[in-house]
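Protein chains in written order, with my numbering: chain A, 873 to 1284; chain B, 873 to 1284.
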């Protein structure tokens, strides 16, 4: 008995030597990227892989932004102010004025390193370690990484494919809330579902947050991408949310400039702004070259977004028609962003997604999809995949044909 | 009594409504930037302000890096791999081989958004909320911001000006360590003190970490900046530290490119690398334009660093001679980086630093310095300031004259 106890102590001690933190061990691998080694192996075998798994648009970054690189004549690539350069912040001010009809002060907008940093800053500002973050599932999978970094637990509020992944009614929010719930994060238009929330459903969540004193983080990085004449409602436009709404935004998708890592955090709550600014001071400044070229976007007219959206709507139509024609595949018509979550006639979509890369090819090609279970906190989505439609129409048609053929051959 | 209890409960409830997190409230304002409003007011009055407070080098970013902006012909500014582009990682590999004589695998080097992100990733990977971080004080003030974001408590290990801010002996480390100490962070060459640690003193800390199973984060962003023929020893070169050393690095100072926000995290511990990679996947990718121009640095010969260092050594000499000639000012000769911590003949350096901006000018000019108390976790450094010598020699001479005059007039 004494010996056992000593052994235990020794083990515990050894165990702590150079042991990773618990949160490091819990940090998930990206569900979008974890099948990458299998895809690499397929490509090495000479199989062409159509990527339906990642949201990297193939649309060109506007020339008026890229051309600014040639005009850069600073001889010292200096730190920018922690909040962002005045030029970039004013450009964002003009964008929100033009796009949402909203006047923002310069100290309500913070330039961030992508939308990612805006999410991390918001979570840390709104909640403490051990607090709960309410998230509508399926959700952008990287929310788990940010929540883990911030030490927050995810409390999922489930949306259902049969409802087109629209938001559940207030009673579900009430029933799901915990004593440690401090903050709600919504993604609208939604990644991964492609759902665009109506003003009415957003008002329900806003009312829920208001009544319980919860912060509302609204991730609106797909704001431009809405179809069939829809309009994405920003949390900045909702009535009476000034005290608790934080908008996460990004230039990545808006201008097909994912690699520049530039985003913004917008809030009218001066305390939240100030806390995020202090975090921003800690990391000194957001990327400078990105801010320099970003203001080139001021030259873009309405037609830029209209044309890009028309192209995505075409793709959405091709994808939706193609997928619904496959026996056993179910999805509602996506309303925005450039993703959908489709239910497949398979028991285990993760196994199927791996099989597509390891055991299948059709005329020398296959497709890569993201298993949807990684987008849920609950054990749901096992038969679902997320599909991104960032390929051109011809490639998309080929991909759907491959998927159709694969599903007929697959018996998993 | 009942009434009092109810009031308490009500207050507690109200208090929690839309309340910032505790860590957001604790997040410090940058001690380097908090006097900025006073400096702005001085400039608005027409006073010229010499900035001795910030470490923004005036040296040009090498043309071979800037020129690459003109060669950028990608039409889509895409995400890069989360770990960094292969080209940039190979460039870093070559740098460490050339500079430190060390061969690193590609999966031991992670591209990060500045050294800042490498620090945050390391802290989160090595320690959990509530754990202790041992830091030699005075320290880079933003460590407090990162520790607060990561939920870690700072346990200061004090270095003394009379010892040239060299590391204390092992018994001080042993006496300072707590049961929750998980990780040590060193900055070498040191910001803010300008001290360059010897191999012997680094070996003491490494031995201490090894014996207690603590991770060692070595912030080496000033590696190139060492004077009088010194060489900065990297934690990668220390014997037997493979399992627990993590190097934080940055291109900001090395190539005077602070604004591009590009750094790296280097570790031979595969678990730490993997945990940091999963965090990196969460934020998708490091800045792409920065990685594209960074590989231009491959064209730089030895003479680039030699010339830059010679220029800083000249400035260091001017500063050291000038400051030590002022009655009551004390500092040891800085050995590296481009900072020093000097003791001034004042009771409250923060008051003096503010007074320089609000109540003093000499021939239409004044100087801005960073009060050193913000670089300590203990209540120390109240008579000390951090001075950055990133101005040219003429401006530096003028700044010293102004400081001398100010100290004679000041009676705080």
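A virtual CB, placed ideally from N, CA and C, is assigned to each residue, including glycine.
Keep in mind the model is a prediction, meaning the values are calculated, not measured.
Amino acids of chain A, ordered along the chain, whose beta-carbon sits closer than 7 Å to that of residue i
i	result
residue 1151 of chain B	899, 1017, 1021
residue 996 of chain B	893, 895, 896, 1021
residue 1001 of chain B	1001, 1023
residue 1116 of chain B	890
Straight-line Cα distance separating residue j from residue i
i	j	result
residue 1206 of chain A	residue 1213 of chain A	9 Å
residue 1185 of chain B	residue 1191 of chain B	10 Å
residue 1043 of chain A	residue 1082 of chain B	54 Å
residue 961 of chain A	residue 1028 of chain A	34 Å
residue 957 of chain A	residue 1163 of chain A	7 Å
residue 890 of chain A	residue 1149 of chain A	33 Å
residue 1069 of chain B	residue 1015 of chain A	40 Å
residue 1232 of chain A	residue 1141 of chain B	36 Å
residue 894 of chain B	residue 1117 of chain B	31 Å
residue 940 of chain A	residue 990 of chain A	25 Å
residue 932 of chain A	residue 936 of chain B	27 Å
residue 1229 of chain B	residue 1260 of chain B	17 Å
residue 1125 of chain B	residue 1204 of chain B	23 Å
residue 947 of chain A	residue 1131 of chain B	12 Å
Beta-carbon contacts of residue i that lie in its chain and below 7 Å, excluding the five residues immediately before and after
i	result
residue 1264 of chain A	930
residue 1113 of chain A	1078, 1088, 1107
residue 915 of chain A	921
residue 1019 of chain A	995, 1005, 1026
residue 1243 of chain B	903, 1221, 1222, 1225, 1257
residue 1176 of chain B	934
residue 881 of chain B	At residue 881 of chain B, the pLDDT of 39 sits below 50, so the modelled position is not reliable and the matter cannot be decided from this model.
Sub-8 Å separation of residue i and residue j beta-carbons
i	j	result
residue 1002 of chain B	residue 1091 of chain B	no
residue 1064 of chain A	residue 1127 of chain A	no
residue 1061 of chain A	residue 1097 of chain A	yes
residue 1247 of chain B	residue 1033 of chain B	no
residue 1147 of chain B	residue 896 of chain A	yes
residue 1287 of chain A	residue 1086 of chain A	This structure does not reach residue 1287 of chain A, given that chain A is present from 873 up to 1284, and the question cannot be answered.
residue 927 of chain A	residue 1211 of chain A	yes
residue 938 of chain B	residue 1167 of chain B	no
residue 1188 of chain B	residue 1094 of chain B	no
residue 1279 of chain B	residue 1217 of chain B	yes
residue 1138 of chain B	residue 1121 of chain B	yes
Listed by chain order, chain A residues near residue i by CB distance under 9 Å
i	result
residue 902 of chain B	954, 1150, 1153, 1154, 1156
residue 948 of chain B	928, 929, 930, 931, 932, 933, 1128, 1129, 1130, 1131
residue 1135 of chain B	Here the premise fails: no neighbours, minimum Cβ distance about 11 Å.
Residues near residue i in its chain [Cβ-Cβ closer than 6 Å; skip 5 each side]
i	result
residue 1022 of chain B	995, 996
residue 1084 of chain B	none
residue 1037 of chain B	1031, 1065, 1067
residue 964 of chain A	981, 1136
residue 968 of chain A	974, 976
7 Å Cβ cut-off: residues of chain B touching residue i
i	result
residue 1062 of chain A	The contacting residues do not exist; residue 1062 of chain A stays about 18 Å from chain B at best.
residue 1147 of chain A	892, 896, 899
residue 1143 of chain A	892
Same chain only: Cβ atoms within 8 Å of residue i, ignoring 5 sequence neighbours per side
i	result
residue 1267 of chain A	922
residue 949 of chain A	1160, 1161
residue 1269 of chain A	1190, 1194
residue 886 of chain A	Caution applies to residue 886 of chain A, whose pLDDT of 49 falls short of 50 and renders its modelled position unreliable; the value that the coordinates give is listed next. Correct list: empty, nothing qualifies.
residue 985 of chain B	1133, 1134, 1135, 1155, 1158, 1159
residue 1271 of chain A	922, 924, 1239, 1263
residue 878 of chain B	In this prediction, residue 878 of chain B scores a pLDDT of 38, lower than 50, which makes its location untrustworthy; the coordinate-derived value is nonetheless stated afterwards. Result list for residue 878 of chain B: empty, nothing under 8 Å.
residue 1245 of chain B	903, 1221, 1222, 1251, 1252, 1253, 1254, 1256
residue 953 of chain B	1157
Under 9 Å by beta carbon: chain B residues contacting residue i
i	result
residue 942 of chain A	941, 942, 944
residue 988 of chain A	1154, 1155, 1156
residue 1014 of chain A	1153, 1154, 1155, 1156
residue 960 of chain A	Under the 9 Å cutoff, chain B gives no residues; its nearest Cβ is about 12 Å from residue 960 of chain A.
Chain D within 8 Å of residue i, Cβ atoms only
i	result
residue 951 of chain A	The question asks about chain D, but that chain is absent: this structure's protein chains are A and B.
Under 8 Å from the C-beta of residue i: neighbouring residues of chain A
i	result
residue 1162 of chain B	1159, 1161
My parser needs the beta strand (DSSP E) runs of 3 or more residues fully inside the segment 1010 to 1038 of chain A; what are they?
Listed in chain order, the complete beta strand (DSSP E) runs (minimum 3 residues) inside the segment 1010 to 1038 of chain A are 1025 to 1030.
Alpha helix (DSSP H) segments (min. 4 residues) lying fully within the segment 940 to 999 of chain A:
Counting only runs that start and end inside the segment 940 to 999 of chain A, the alpha helix (DSSP H) elements of at least 4 residues fall at 940 to 943, 958 to 972, 986 to 998.
Secondary structure, beta strand (DSSP E): runs of 3+ residues fully inside the segment 1163 to 1216 of chain B
Those beta strand (DSSP E) runs which fall completely within the segment 1163 to 1216 of chain B and span 3+ residues are 1211 to 1215.
Jot down the residue ranges of each uninterrupted alpha helix (DSSP H) in the segment 1064 to 1088 of chain B, minimum 4 residues, whole runs only, in chain order.
Unbroken alpha helix (DSSP H) stretches of 4 residues or longer found wholly inside the segment 1064 to 1088 of chain B: 1071 to 1084, given in chain order.
With a floor of 3 residues, list each beta strand (DSSP E) that falls wholly inside the segment 1237 to 1270 of chain B, ordered by position along the chain.
Within the segment 1237 to 1270 of chain B, the complete beta strand (DSSP E) runs of at least 3 residues are 1237 to 1240, 1256 to 1260.
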